[in-house]
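Asks:
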Amino acid sequence: MSEEKRKTISLVLGGGGARGYAHIGVIRALEERGLSIRSISGCSMGALVGGIYAMGRLGDFEDWARRINRREIFSLLDFTFGGGGLVRGDRLITSLRELVGEMQIEELPLRFTAVAADLVRGRPVWIDRGPLFEAIRASISLPLFLTPVDHGGVRLVDGGIFDPVPMAPTFRDFNDLTIAVSLSGPAAEEPEAPPPGDEQEEPASLSARLWRRLSARRNDDGEAEARWALSFVVSQSIDAMQNLITRLRLASDPPDVLIEIPRDACGLLEFDRAEPLISLGYDLARASVARL
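At position 42 of the sequence shown the residue is numbered 934 (our numbering), and the sequence of numbers has no breaks.
Structural data, given as structure tokens:
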């Protein structure tokens, strides 16, 4: 399809933990359809995937995400017992910078906005200037999990607190269509605790035991307890909050196309499930854009 005939897109990528891997599949489907993404607004994992795509390095990130396992994920977690979260996030951001590099947002070939949240003032914060990964780190600061970030003298947390699917930054665009991806779509099934895992694979340190409590796996003797493990309670609470805010936001400012990833597609912290989530995002996006 020639550049003159390609529809230009403002792409809005929502937050929702590991379900954000689905954004990769969505982007692949949009590219396959010949749509030209000219602007991205994202929060949390939407900011991470969208920012790396804007750099032109999504392929490297996708390969990394498809390979990573639970042990490798654990190795990226620099636990702390202060500062407003369980994990500092420095090790993760350093690894991503080494994987794809760093750029100033102003130098990206398309418009990009990462959305974080200022809890003190009770407002979303748009970051569209400065180092890309500083903006991403602020946007992914999931409360209780990643520590807040000091950005310009303001402490910021995950943008999904106030704006899980940040449409507003696209209002300044002049593109043909706005496509939004919500990670808080209707559940396909009643929520369950995560499936059993191989506990022998995890280290036996104090921080490892803490992580095991966060991501407790169901077993035959303790299914009821696993259903109410810390990760389950936190993830279900955040999902419920974001689902409500998303519905209210999109009712007032609907996109041209809304792609909804079921909120039970995976747990909030199941970052070892990239393969099925990328496929899910791809399939749902193909079905949506086929109707354009």
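For each residue, glycine too, the CB sits at the ideal point set by N, CA and C.
Nothing here was measured: the structure is a model prediction, and the numbers come from that model.
(1) If you draw a straight line from the C-alpha of Y1174 to the C-alpha of R949, how long is it?
(2) Assuming L905 contacts G951 (C-beta within less than 8 Å), just tell me the rounded distance between them.
(3) Could you compute how far the alpha carbon of P1088 sits from the alpha carbon of D1148?
(4) Give the range of the alpha helix (DSSP H) segment to which V918 is assigned.
(5) Quick one: give me the first and last residue of the beta strand (DSSP E) that L1150 is part of.
(6) Over the uninterrupted alpha helix (DSSP H) stretch that includes V1012, give me the two end residues.
(7) Can you tell me the Cβ-Cβ gap for E979 and L1038, rounded? I've got them flagged as a contact below 8 Å.
(8) Within the region 973–1016, note down every full beta strand (DSSP E) run reaching 3 residues or more, in order along the chain.
(9) Restricting to Cα atoms, I'd like to know which of L1161, S1180, M1133 and L1002 is closest to D1065.
(10) Reducing DSSP to helix, strand and coil, say where V1057 ends up.
(11) If we count the other Cβ atoms within 10 Å of its Cβ and call it buried at 16 or more, is E998 buried or exposed?
(12) In whole angstroms, what separates the C-alpha of T1138 from that of M937?
(13) I need the DSSP call for E1117, collapsed to helix, strand or coil.
(14) Going by DSSP in three states, D1050 sits in which element: helix, strand or coil?
(15) Along the chain, where does the alpha helix (DSSP H) containing A1027 start, and where does it finish?
(16) Can you tell me which of the three DSSP states G1159 falls into?
(17) Any idea if A1027 is buried or exposed, counting beta-carbon neighbours within 10 angstroms, 16 or more meaning buried?
(18) Suppose you measure from the CA of A1025 to the CA of T986; what does that come to, to the nearest Å?
(19) Rounded to a whole number of angstroms, what is the C-alpha to C-alpha distance between P1061 and I1019?
(20) If we count the other Cβ atoms within 10 Å of its Cβ and call it buried at 16 or more, is N961 buried or exposed?
Replies: Walking through what the data contain:
(1) Residue mapping note: residue 1174 aligns to position 282 of the sequence shown, counting from 1. Residue mapping note: residue 949 aligns to position 57 of the sequence shown, counting from 1. Each residue's CA atom was taken as its position, placing Y1174 and R949 some 18 Å apart.
(2) Here residue 905 refers to the residue found at position 13 of the sequence shown. Here residue 951 refers to the residue found at position 59 of the sequence shown. Not quite, the Cβ-Cβ distance comes to about 17 Å (not below 8 Å), so this is no contact.
(3) Stepping through the sequence shown from its first residue, residue 1088 is reached at position 196. Stepping through the sequence shown from its first residue, residue 1148 is reached at position 256. Residue placement at P1088 is poorly supported in this model, since its pLDDT is 47, which falls under 50; the coordinates still yield a value, given next. Roughly 40 Å between the two C-alpha positions.
(4) As a first step, residue 918 is located in the sequence shown; it is residue number 26 there, counting from the start. Start and end: A914 to E924.
(5) Here the question's residue 1150 lines up with position 258 in the sequence shown. Residues V1149 to P1154.
(6) On the sequence shown, residue 1012 is found 120 positions in, with the first residue counted as 1. For V1012, there is no enclosing alpha helix (DSSP H), as DSSP marks it with neither H nor E.
(7) Translated into the one-based positions of the sequence shown, residue 979 becomes position 87. Translated into the one-based positions of the sequence shown, residue 1038 becomes position 146. Note that residue 979 is Val in the sequence shown, not Glu. Contact flag correct, Cβ pair sits at about 5 Å.
(8) Restricting attention to beta strand (DSSP E) runs no shorter than 3 residues, the region 973–1016 encloses them at 977–979 and 1003–1010, ordered along the chain.
(9) The residue you call residue 1065 lines up with position 173 of the sequence shown. From the listed residues L1161, S1180, M1133 and L1002, the smallest Cα separation to D1065 is found for L1002.
(10) Counting from 1 along the sequence shown, the entry for residue 1057 is found at position 165. Three-state result, V1057: coil.
(11) Reading the sequence shown from its first residue, position 106 is the one you call residue 998. Result: exposed.
(12) Position 246 of the sequence shown, counting from 1, holds the residue named residue 1138. Position 45 of the sequence shown, counting from 1, holds the residue named residue 937. Straight-line Cα distance between these residues: approximately 15 Å.
(13) Mapped onto the sequence shown, residue 1117 falls at position 225. In this predicted model, E1117 has a pLDDT of only 49, less than 50, meaning its place in the structure is not dependable; the value taken from the coordinates is given anyway. The DSSP-derived three-state label of E1117 is helix.
(14) On the sequence shown, residue 1050 is found 158 positions in, with the first residue counted as 1. Here D1050 carries a strand assignment [DSSP, helix/strand/coil].
(15) Counting from 1 along the sequence shown, the entry for residue 1027 is found at position 135. Residues L1024 to S1031.
(16) Here the question's residue 1159 lines up with position 267 in the sequence shown. G1159 sits in coil when the DSSP states are folded into three classes, being neither helix nor strand.
(17) As a position in the sequence shown, residue 1027 is number 135, starting the count at 1. If you draw a 10 Å sphere on the C-beta of A1027, you find 16 or more other C-beta atoms in it, and that means buried.
(18) In the sequence shown, counting from the first residue as 1, residue 1025 sits at position 133. In the sequence shown, counting from the first residue as 1, residue 986 sits at position 94. Strictly speaking, residue 1025 in this sequence is Phe, with Ala absent from that position. In this structure, the CA atom of F1025 is about 9 Å from the CA atom of T986.
(19) Along the sequence shown, read from residue 1 onward, the residue named residue 1061 stands at position 169. Along the sequence shown, read from residue 1 onward, the residue named residue 1019 stands at position 127. So the two alpha carbons sit approximately 10 Å from each other.
(20) Along the sequence shown, one-based indexing puts residue 961 at 69. By the neighbour-count rule (16 or more Cβ atoms within 10 Å), N961 is not buried but exposed.
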